[in-house]
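Data block below; observations after.
Protein chains: 2
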Amino acid sequence: MTRWLESDEQRVWRAFLAATQRVQEELDRQLQRDSGMPHTYYVVLAMLSEAEGRTLRMSDLAGRVNSSQSRLSHAVARLEERGWVRRAQCPRDKRGNLAILTDAGFAALKAAAPGHVEAVRQVLFDPLTPEQVRLLGEICTAVRDS
Amino acid sequence: MTRWLESDEQRVWRAFLAATQRVQEELDRQLQRDSGMPHTYYVVLAMLSEAEGRTLRMSDLAGRVNSSQSRLSHAVARLEERGWVRRAQCPRDKRGNLAILTDAGFAALKAAAPGHVEAVRQVLFDPLTPEQVRLLGEICTAVRDS
DNA sequence: CGCAGTTACTTGAGCTCTCAAGTACTGTAA
DNA sequence: TTACAGTACTTGAGAGCTCAAGTAACTGCG
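Chains A and B, in that order, are what the protein sequence lines are. Residue 35 in the UniProt record's numbering sits at position 35 of the first sequence; the count goes up by one each step and never skips. Residue 65 in the UniProt record's numbering sits at position 65 of the second sequence; the count goes up by one each step and never skips.
Pasting the structure below:
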């Protein structure tokens, strides 16, 4: 008994796919082109920059960037190679690793931020009315938390 | 003069990222697990199945699935290996290639569809009211076409 | 204490995606 | 008619992601 999509649901679904893909690709392209990093790496740097001591445990960081531990582990390995993040052992729990944003990493984030924010505005906020932005927030929260 | 995000825009933006990632991952995981194909391949099969003669030119197909030609070319190559799609030369334009959905491809799509549609409902439509669905459609259309 | 069972994280293989470069054909205009 | 720019598509290399498996350390219960 499959509950197939009605034709208007079908339209919403396809618009959703097209819109979200557009946003993703636009952001990834902009960051890659102008700052040499994918969007996921940017988010990692951003979350670390907001944390106490610019430091987070891997699992905590994974939660904040909506990433699997595996993905984050690979990402941090690359960021470490670039000297943007370093790792340290967690003192409390020897299984745990801390990811620490370096000064170079903070500088890279700072350099990338204006272009990124501008891209976010252009692709998502500028096309919408303030009311639509508010509604989108509610909708996304519902989907995220369901 | 960067137009930074206000704190409520910030919240909407992060909810948007979390929600869209959740949808994407849920769908990809479900299709990969239950049908052995990524979501992008499913969309390719679906678009071909709706086309006249289950056939489309590569460039036309790329437009319909919101894909670069390169990505589509790789994807169709894999689908061809599985026997789900075959290629033929375009009679009008010798540069052009046609992608044709095979019977096996149609069967694979048909087998995958119910589970996929159910996942789409669960992750996107069920958490929203009908009014929110309508609004989401308008919002995504605006973002897509901007 | 001791040893399952769980948690935290890493690693490697396989796969998809992107970007840049390459091939082949088409349309146009001198 | 023959260049020459543009279009259609493919290919290969490099990079990130996923999944499964591996290591190490903590936790709790007999």
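Backbone N, C-alpha and C fix where the C-beta goes; we use that ideal spot for every residue, glycine too. Owing to the predicted nature of the structure, the values given are computational and were not obtained by experimental measurement.
Whose C-alpha, out of B:94, B:54 and B:142, is nearest the C-alpha of residue 129 of chain A? Position 129 of the first sequence, counted from the start, is the residue given in the question as residue 129 of chain A. Nearest of B:94, B:54 and B:142 to residue 129 of chain A, Cα basis: B:142.
Contact between the stretch 111 to 131 of chain A and the stretch 57 to 73 of chain A (3+ Cβ pairs under 8 Å): Look at the beta carbons and you see the stretch 111 to 131 of chain A not touching the stretch 57 to 73 of chain A: under three pairs across the two are nearer than 8 Å.
Helix, strand or coil for residue 143 of chain A, going by three-state DSSP, please let me know. Against the first sequence, residue 143 of chain A aligns to sequence position 143. In the three-state scheme derived from DSSP, where H, G and I count as helix and E and B as strand, residue 143 of chain A is classed as helix.
Mind listing the chain B neighbours of residue 146 of chain A? Cutoff is C-beta to C-beta under 8 Å, in chain order. Reading the first sequence from its first residue, position 146 is the one you call residue 146 of chain A. Within 8 Å Cβ-Cβ: 123, 126 and 127.
Say whether the stretch 47 to 57 of chain A touches the stretch 3 to 10 of chain B, bearing in mind that this needs 3 or more beta-carbon pairs closer than 8 Å, one atom from each stretch. No contact exists between the stretch 47 to 57 of chain A and the stretch 3 to 10 of chain B.
Measuring only between beta-carbons, confirm whether residue 10 of chain A sits less than 7 Å from chain B. Here the question's residue 10 of chain A lines up with position 10 in the first sequence. Cβ-Cβ to chain B under 7 Å: no for residue 10 of chain A.
Starting from residue 89 of chain B, trace the beta strand (DSSP E) in both directions and tell me its first and last residue. In the second sequence, the residue the question calls residue 89 of chain B occupies position 89. Where residue 89 of chain B is concerned, the enclosing beta strand (DSSP E) stretches over 85 to 89.
Could I get the ranges of all uninterrupted alpha helix (DSSP H) runs contained in the stretch 36 to 93 of chain B, with 4 residues as the minimum, in chain order? Taken in chain order, the complete alpha helix (DSSP H) segments of 4 residues or longer contained in the stretch 36 to 93 of chain B are 39 to 50, 58 to 64 and 69 to 81.
Can you give me the start and stop residues for the beta strand (DSSP E) that residue 98 of chain B sits inside? Here the question's residue 98 of chain B lines up with position 98 in the second sequence. In the DSSP assignment, residue 98 of chain B falls within the beta strand (DSSP E) that extends over 97 to 101.
How would you list, in chain order, the residues of chain B whose beta-carbon sits under 9 Å from the beta-carbon of residue 36 of chain A? In the first sequence, counting from the first residue as 1, residue 36 of chain A sits at position 36. Those do not exist, as residue 36 of chain A stays about 20 Å from chain B at its closest Cβ, beyond 9 Å.
Going by the beta-carbon positions, is the gap between residue 47 of chain A and residue 64 of chain A smaller than 7 Å? Reading the first sequence from its first residue, position 47 is the one you call residue 47 of chain A. Reading the first sequence from its first residue, position 64 is the one you call residue 64 of chain A. Yes. Within cutoff.
Nearest candidate by alpha-carbon position, reference residue 93 of chain A, set A:107, A:58 and A:35: Numbered from 1 along the first sequence, position 93 holds the residue referred to as residue 93 of chain A. Of the listed residues, the one whose Cα sits closest to residue 93 of chain A is A:58.
Label residue 62 of chain A either buried or exposed according to how many other C-beta atoms from any shown protein chain fall within 10 Å of its C-beta, with 16 as the threshold for buried. Mapped onto the first sequence, residue 62 of chain A falls at position 62. Buried: at least 16 other Cβ atoms inside 10 Å.
Name the residues in the stretch 16 to 45 of chain A whose C-beta lies less than 8 Å from a C-beta of chain B; which are they? So the list reads 16, 17, 18, 19, 20, 21, 22, 23, 24 and 43, given in the order they occur along the chain.
Pick out whichever of A:144, A:136 and A:146 has its Cα sitting closest to the Cα of residue 19 of chain A. Locating residue 19 of chain A in the first sequence gives position 19, counting from the first residue. When the alpha-carbon of residue 19 of chain A is set against those of A:144, A:136 and A:146, the nearest one is in A:136.
Which residues in the same chain as residue 69 of chain B place their Cβ atom closer than 6 Å to its Cβ, once the five residues preceding and following it in sequence are excluded? Position 69 of the second sequence, counted from the start, is the residue given in the question as residue 69 of chain B. If we look at residue 69 of chain B and ignore the five residues flanking it on each side, its Cβ neighbours are 62.
How would you call residue 146 of chain B, buried or exposed, if buried means at least 16 neighbouring beta carbons within 10 angstroms? Residue numbering aside, residue 146 of chain B sits at position 146 when the second sequence is read from its first letter. Answer is exposed; the Cβ neighbour count stays below 16.
Give every residue of the same chain whose Cβ lies closer than 6 Å to the Cβ of residue 109 of chain B, excluding the five residues on either side of it in the sequence, and list them in chain order. By 1-based counting over the second sequence, the position of residue 109 of chain B is 109. The answer, listed in chain order, is 45 and 49.
Between residue 115 of chain B and residue 84 of chain B, is the Cβ-Cβ spacing less than 7 Å? On the second sequence, position 115 is the one that residue 115 of chain B refers to. On the second sequence, position 84 is the one that residue 84 of chain B refers to. Not in contact: residue 115 of chain B and residue 84 of chain B (Cβ atoms no closer than 7 Å).
Within chain A, the residues that residue 118 of chain B reaches when beta carbons sit closer than 9 Å: By one-based count along the second sequence, residue 118 of chain B stands at place 118. By Cβ distance, chain A contributes 2 and 3.
Kindly indicate which three-state DSSP category residue 8 of chain A falls into: helix, strand or coil? For the purposes of this step, residue 8 of chain A is identified with residue 8 of the first sequence, where counting begins at 1. In the structure shown, residue 8 of chain A adopts helical secondary structure according to DSSP, grouped into three states.
Determine the direct distance from the alpha carbon of residue 66 of chain B to that of residue 26 of chain B, and round the result to whole angstroms. Working through the second sequence from its first residue, we reach residue 26 of chain B at position 26. Working through the second sequence from its first residue, we reach residue 66 of chain B at position 66. If I take the Cα positions, the gap works out to 20 Å.
Count the other CB atoms, across all protein chains shown, that sit within 10 Å of the CB of residue 32 of chain B; report buried if there are 16 or more and exposed otherwise. Start at 1 with the first residue of the second sequence, and residue 32 of chain B comes out as number 32. The residue is exposed, with fewer than 16 neighbouring Cβ atoms inside 10 Å.
Residue 95 of chain B to residue 89 of chain B span [Cα, whole Å]: Taking the first residue of the second sequence as 1, we reach residue 95 of chain B at position 95. Taking the first residue of the second sequence as 1, we reach residue 89 of chain B at position 89. Rounded to the nearest angstrom, the two C-alpha atoms are 8 Å apart.
Kindly say whether residue 143 of chain B, judged by its beta-carbon, lies nearer than 7 Å to any beta-carbon of chain A. Counting from 1 along the second sequence, the entry for residue 143 of chain B is found at position 143. Residue 143 of chain B counts as touching chain A.
Between A:29, A:101, A:79 and A:123, which lies nearest to residue 41 of chain A when the distance is taken from Cα to Cα? The residue labelled residue 41 of chain A in the question sits at position 41 within the first sequence. Selected option, being the one with the closest Cα: A:79.
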